[in-house]
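Worksheet: the structure to be examined is printed underneath.
Residue numbers (my numbering): 1250 to 1334.
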């Protein structure tokens, strides 16, 4: 039996669910500026597959890396950690 590599997982907030079976998840990181020392917010966006269209804007979700599903989609939804209020 061959062993598969570990897949990357990310936690972020859903910023768009307008597409059919797709969501956009934003991951925000605080990074210290190398020269000035001020903390800057860096945002990374991922397009993820949501097979049941169950996510809404503002939900906190966990996504996992997968094979390419389309031109820009290579992540899929694992679970919804917290619903938007």
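Just so it is clear, CB atoms sit at the ideal spot from N, CA and C, and this is done for glycine as well.
In this structure the segment 1256 to 1266 touches the segment 1309 to 1327; the number of beta carbon pairs closer than 8 Å is three or more. Excluding its 5 nearest sequence neighbours in each direction, residue 1329 has C-beta neighbours in its own chain below 6 Å: 1308, 1310, listed in chain order. For the pair of segments examined, the segment 1289 to 1298 was found to touch the segment 1317 to 1326: the number of CB pairs separated by less than 8 Å reaches three. By the neighbour-count definition (other C-beta atoms within 10 Å, threshold 16), residue 1271 is a buried residue. With a contact defined as Cβ atoms closer than 8 Å, residue 1282 and residue 1289 qualify at about 6 Å.
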